[in-house]
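Data first, discussion second: the structure below is written as structure tokens.
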Amino acid sequence: MNGANVVTLTTDFGLRDWFVGSMRGVILSLYPKAQVVDITHEIAAGDVRAAAFALAVSYRCFPTGTVHVAVVDPGVGSDRPAVVVKTDAGFFVGPDNGVLSWALREETVHEVRRIENTAWMRQPVSRTFHGRDVFAPVAARIAMGMPWQQVGPVVAGFERLAWPEKSQVLYVDRFGNAITNIRTKPRCVTVGGRSVRVVDFYQQGARDEPVALMGSSGFLEIAINGGNAAAVLGLRVGTPVEVD
Amino acid sequence: MNGANVVTLTTDFGLRDWFVGSMRGVILSLYPKAQVVDITHEIAAGDVRAAAFALAVSYRCFPTGTVHVAVVDPGVGSDRPAVVVKTDAGFFVGPDNGVLSWALREETVHEVRRIENTAWMRQPVSRTFHGRDVFAPVAARIAMGMPWQQVGPVVAGFERLAWPEKSQVLYVDRFGNAITNIRTKPRCVTVGGRSVRVVDFYQQGARDEPVALMGSSGFLEIAINGGNAAAVLGLRVGTPVEVD
Amino acid sequence: MNGANVVTLTTDFGLRDWFVGSMRGVILSLYPKAQVVDITHEIAAGDVRAAAFALAVSYRCFPTGTVHVAVVDPGVGSDRPAVVVKTDAGFFVGPDNGVLSWALREETVHEVRRIENTAWMRQPVSRTFHGRDVFAPVAARIAMGMPWQQVGPVVAGFERLAWPEKSQVLYVDRFGNAITNIRTKPRCVTVGGRSVRVVDFYQQGARDEPVALMGSSGFLEIAINGGNAAAVLGLRVGTPVEVD
Numbered sequence: 001m002n003g004a005n006v007v008t009l010t011t012d013f014g015l016r017d018w019f020v021g022s023m024r025g026v027i028l029s030l031y032p033k034a035q036v037v038d039i040t041h042e043i044a045a046g047d048v049r050a051a052a053f054a055l056a057v058s059y060r061c062f063p064t065g066t067v068h069v070a071v072v073d074p075g076v077g078s079d080r081p082a083v084v085v086k087t088d089a090g091f092f093v094g095p096d097n098g099v100l101s102w103a104l105r106e107e108t109v110h111e112v113r114r115i116e117n118t119a120w121m122r123q124p125v126s127r128t129f130h131g132r133d134v135f136a137p138v139a140a141r142i143a144m145g146m147p148w149q150q151v152g153p154v155v156a157g158f159e160r161l162a163w164p165e166k167s168q169v170l171y172v173d174r175f176g177n178a179i180t181n182i183r184t185k186p187r188c189v190t191v192g193g194r195s196v197r198v199v200d201f202y203q204q205g206a207r208d209e210p211v212a213l214m215g216s217s218g219f220l221e222i223a224i225n226g227g228n229a230a231a232v233l234g235l236r237v238g239t240p241v242e243v244d
Numbered sequence: 245m246n247g248a249n250v251v252t253l254t255t256d257f258g259l260r261d262w263f264v265g266s267m268r269g270v271i272l273s274l275y276p277k278a279q280v281v282d283i284t285h286e287i288a289a290g291d292v293r294a295a296a297f298a299l300a301v302s303y304r305c306f307p308t309g310t311v312h313v314a315v316v317d318p319g320v321g322s323d324r325p326a327v328v329v330k331t332d333a334g335f336f337v338g339p340d341n342g343v344l345s346w347a348l349r350e351e352t353v354h355e356v357r358r359i360e361n362t363a364w365m366r367q368p369v370s371r372t373f374h375g376r377d378v379f380a381p382v383a384a385r386i387a388m389g390m391p392w393q394q395v396g397p398v399v400a401g402f403e404r405l406a407w408p409e410k411s412q413v414l415y416v417d418r419f420g421n422a423i424t425n426i427r428t429k430p431r432c433v434t435v436g437g438r439s440v441r442v443v444d445f446y447q448q449g450a451r452d453e454p455v456a457l458m459g460s461s462g463f464l465e466i467a468i469n470g471g472n473a474a475a476v477l478g479l480r481v482g483t484p485v486e487v488d
Numbered sequence: 489m490n491g492a493n494v495v496t497l498t499t500d501f502g503l504r505d506w507f508v509g510s511m512r513g514v515i516l517s518l519y520p521k522a523q524v525v526d527i528t529h530e531i532a533a534g535d536v537r538a539a540a541f542a543l544a545v546s547y548r549c550f551p552t553g554t555v556h557v558a559v560v561d562p563g564v565g566s567d568r569p570a571v572v573v574k575t576d577a578g579f580f581v582g583p584d585n586g587v588l589s590w591a592l593r594e595e596t597v598h599e600v601r602r603i604e605n606t607a608w609m610r611q612p613v614s615r616t617f618h619g620r621d622v623f624a625p626v627a628a629r630i631a632m633g634m635p636w637q638q639v640g641p642v643v644a645g646f647e648r649l650a651w652p653e654k655s656q657v658l659y660v661d662r663f664g665n666a667i668t669n670i671r672t673k674p675r676c677v678t679v680g681g682r683s684v685r686v687v688d689f690y691q692q693g694a695r696d697e698p699v700a701l702m703g704s705s706g707f708l709e710i711a712i713n714g715g716n717a718a719a720v721l722g723l724r725v726g727t728p729v730e731v732d
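Residue numbers (this note's numbering), protein chains in the order written: chain S, 1 to 244; chain X, 245 to 488; chain G, 489 to 732.
The following block contains the structure:
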């Protein structure tokens, strides 16, 4: 039923401590054949929206049946629920705080279950690290093909982050490219009071010239060929962008 | 005899150069089925204690038989010995400078051997990168089930880092949580001249309120819900903590 | 014919976004048994020479037949060609901008082909992320043993970065060690107007004393035992070094 043995991880745990390694250890202890792939662990601490975006623009690269785990979880240890969402693409596992919801916007959701089965968790369950004690073992058991319905009862739905209505910057990547929520190629772009030329790829921009182009995630992005557009133009998440 | 094919790596090599990739290449060249898991490579350069702590609080997440390699090795190339320590949990491999010793505090040690067999090393052995030339190939050979006793002669013991007697901060994580050496939940905590409320999980803290809680590693930690306790309170490794 | 299932990645994509995870997802979707190993993703944005050096000093650690992918690609989306180079060591895959050329300096090149077969690419091919859409699927198909000649037509050669003639710093690593292009151990080294003692390993240096030694990559490097030589001496890529 479940063809893949791939588990992806998207977290704000960083790579400087042992948190991600611990999750991998728990997964491999239960399911030695798991292929665990990091999407990123360098989400800013507590930034649920950035994690939701990173997962949304990358999960389609993975095999059908993949178990996608996202853990940005300021409410860990409280009574906030945790969920597994089953879609055509695979499984989405995480705290029910919206971190999964942008990936699920274009998915057909088959079923949502709350994670409640303590037999599927690592014991004792800490109140500060559900990545290790809840999400890793649940993901391993789903990936290895155990009946995922055992994870807990069906629930009506999951928390959804609002998708911004107005055109704006949604994410700034390591190159300083400012990725917007705009899905179609415009003729004109204005951002930070400045008109920006629309091009097809980075090197069409002159040196130091801000340009706009349809990026690899399917969204318009503002970039500078060989430079850092966000730093130069003062762009950050939420900065308005005008098009056409 | 050796059930696991997992090798963990804990180093100060960082991820910006090719050092970790080289270790993985050496391991996979010898043992293509190895599952190599990073605990962390972002230990501050030469910080043996931080690496010892990271390994101590994470190795229990891995399968029995795992080969744990820790390389923070300021004495590389000198005549400092290197060791393999066999316990119920698996194998611990590294320079004999104490980096393994905090993980081994609660382990029953079966045997300690010095790494001397040059046939188990990558040739020629450099004098600056034993992670690649000594520890990686030794770990691969142990993981693949070669008789580990061939690594070198039995020795009486291994170097132990002193575990601090007085209550203090032992480690500061990426969230700014200050993890102490205190193993039991106290009623009152004072740190930096400030009384800190004891709670059960992060979100029980009010905004900007420092709290103390039993963390996922089994130690008391000082945290701020959504904030950076170490930065706000000026906590660092060695800062005294008063309890009860 | 192709014994290995290892794919290495050397890029400037960083680990804070989803770029590397996306490449891994594409590779695993095509070839679930691939072993994908990161050499590094923290090459400074657009620094083709640093990536060329990182690959050159690490590829020999990997099994024969490994597929080495290097993507530092300021010209992505333009008509710059991309190539696969077959040697005794395996396959080298990337944009034809010199990023592969320092690894290939000591290799016997069997054949060079331009990547043109769109059936080997992920569709639609974006104009900003060939790591995901071109290089990852090409690497996966080569690693899984598909006839690599299908990738595209034979071409006469590949772009070569000049190897610096004069003695100089080529790379500064995370420890601040300044790695030069000097391959033989000298008697005297002068750098930054300062005479530097030649030793065999780091700890032979006194505290704060700059030393020179033959490093693990086979090149002379300038180091400070427990310190950061590049920061203290003001060394950077291109700084001249005088020997003997």
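The C-beta atom is built at its ideal place from N, Cα and C for all residues, glycine as well.
{"query": "Cβ neighbours of residue 62 (chain S) in the same chain (closer than 7 Å, five flanking residues each side left out)", "result": "6 and 8"}
{"query": "Residue 201 (chain S): contacting residues in chain G (beta-carbon distance under 8 Å)", "result": "564, 565, 566, 615 and 616"}
{"query": "Beta carbon proximity, residue 58 (chain S) to chain G, threshold 9 Å", "result": "yes"}
{"query": "Residue 240 (chain X) classed as buried or exposed, judged by whether at least 16 other C-beta atoms fall within 10 angstroms", "result": "Lying before the first or after the last residue shown, residue 240 (chain X) is absent from chain X, which here runs from 245 to 488."}
{"query": "Limits of the unbroken alpha helix (DSSP H) element including residue 435 (chain X)", "result": "Counting along the chain, residue 435 (chain X) falls outside any alpha helix (DSSP H), though it belongs to the beta strand (DSSP E) covering 433-435."}
{"query": "Expected contact under 8 Å - CB spacing of residue 84 (chain S) and residue 71 (chain S) to nearest Å", "result": "Not a contact, Cβ separation roughly 13 Å."}
{"query": "Straight-line gap, residue 109 (chain S) to residue 298 (chain X) (C-alpha atoms, nearest Å)", "result": "39 Å"}
{"query": "Boundaries (first-last residue) of the alpha helix (DSSP H) holding residue 510 (chain G)", "result": "507-518"}
{"query": "9 Å Cβ cutoff, residue 41 (chain S) in contact with chain G", "result": "yes"}
{"query": "Where residue 272 (chain X) meets chain G, residues with beta-carbon distance less than 8 Å", "result": "494, 523, 525, 550 and 551"}
{"query": "Straight-line gap, residue 410 (chain X) to residue 344 (chain X) (C-alpha atoms, nearest Å)", "result": "21 Å"}
{"query": "Option nearest residue 534 (chain G) by Cα separation, candidates G:612, G:524, G:500 and G:661", "result": "G:500"}
{"query": "Contacts that residue 474 (chain X) makes with chain S (C-beta to C-beta distance below 9 Å)", "result": "Correct list: empty, because the minimum Cβ distance to chain S is about 13 Å."}
{"query": "Cβ-Cβ distance between residue 231 (chain S) and residue 193 (chain S) below 9 Å", "result": "no"}
{"query": "Cβ of residue 584 (chain G) within 9 Å of any chain S Cβ", "result": "no"}
{"query": "Chain-ordered neighbours of residue 418 (chain X) on chain B, where CB pairs are closer than 7 Å", "result": "The chain inventory of the structure shown lacks chain B, comprising the protein chains S, X and G."}
{"query": "Counted within 10 angstroms of its Cβ, other Cβ atoms place residue 424 (chain X) as buried (16 or more) or exposed", "result": "buried"}
{"query": "As assigned by DSSP and simplified to three states, the class of residue 283 (chain X)", "result": "strand"}
{"query": "Which of helix, strand or coil DSSP assigns to residue 611 (chain G)", "result": "coil"}
{"query": "C-beta neighbour in chain S for residue 635 (chain G), strict 9 Å", "result": "no"}
{"query": "Supposed contact pair residue 122 (chain S) and residue 20 (chain S) - C-beta distance, whole angstroms, cut 8 Å", "result": "That belief does not hold up - the Cβ atoms of residue 20 (chain S) and residue 122 (chain S) are roughly 15 Å apart, past 8 Å."}
{"query": "Beta carbon of residue 677 (chain G) nearer than 9 Å to that of residue 723 (chain G)", "result": "no"}
{"query": "Segment contact, 8 Å Cβ cut-off, at least three pairs: the region 379-390 of chain X with the region 275-282 of chain X", "result": "yes"}
{"query": "Extent of the continuous beta strand (DSSP E) run through residue 682 (chain G)", "result": "682-686"}
{"query": "Proximal residues to residue 449 (chain X) (C-beta, below 8 Å), its chain only, five neighbours per side dropped", "result": "441, 443, 455, 467, 468 and 469"}
{"query": "Segments assigned beta strand (DSSP E), at least 3 residues, entirely inside the region 330-397 of chain X", "result": "334-339 and 353-358"}
{"query": "Any C-beta of chain G under 9 Å from that of residue 267 (chain X)", "result": "yes"}
{"query": "Residue 672 (chain G) versus residue 702 (chain G): straight-line alpha-carbon distance, rounded", "result": "8 Å"}
{"query": "Buried versus exposed, by CB contacts within 10 Å (16 or more), residue 261 (chain X)", "result": "buried"}
{"query": "Residue-level contact to chain X via CB, residue 640 (chain G), 9 Å cutoff", "result": "no"}
{"query": "Own chain residues within Cβ distance below 7 Å of residue 403 (chain X), not counting five before or after", "result": "340, 341, 342 and 345"}
{"query": "9 Å Cβ cutoff, residue 704 (chain G) in contact with chain X", "result": "yes"}
{"query": "Strand pairing of residue 465 (chain X), partner residues [DSSP]", "result": "X:423 and X:457"}
{"query": "Contacts of residue 482 (chain X) in chain G (Cβ-Cβ under 9 Å)", "result": "Within chain G, no residue comes near residue 482 (chain X); the closest Cβ sits about 19 Å away, beyond 9 Å."}
{"query": "CA-to-CA distance, residue 162 (chain S) to residue 331 (chain X), given in whole angstroms", "result": "51 Å"}
{"query": "Inter-residue spacing [alpha-carbon to alpha-carbon] between residue 516 (chain G) and residue 76 (chain S)", "result": "31 Å"}
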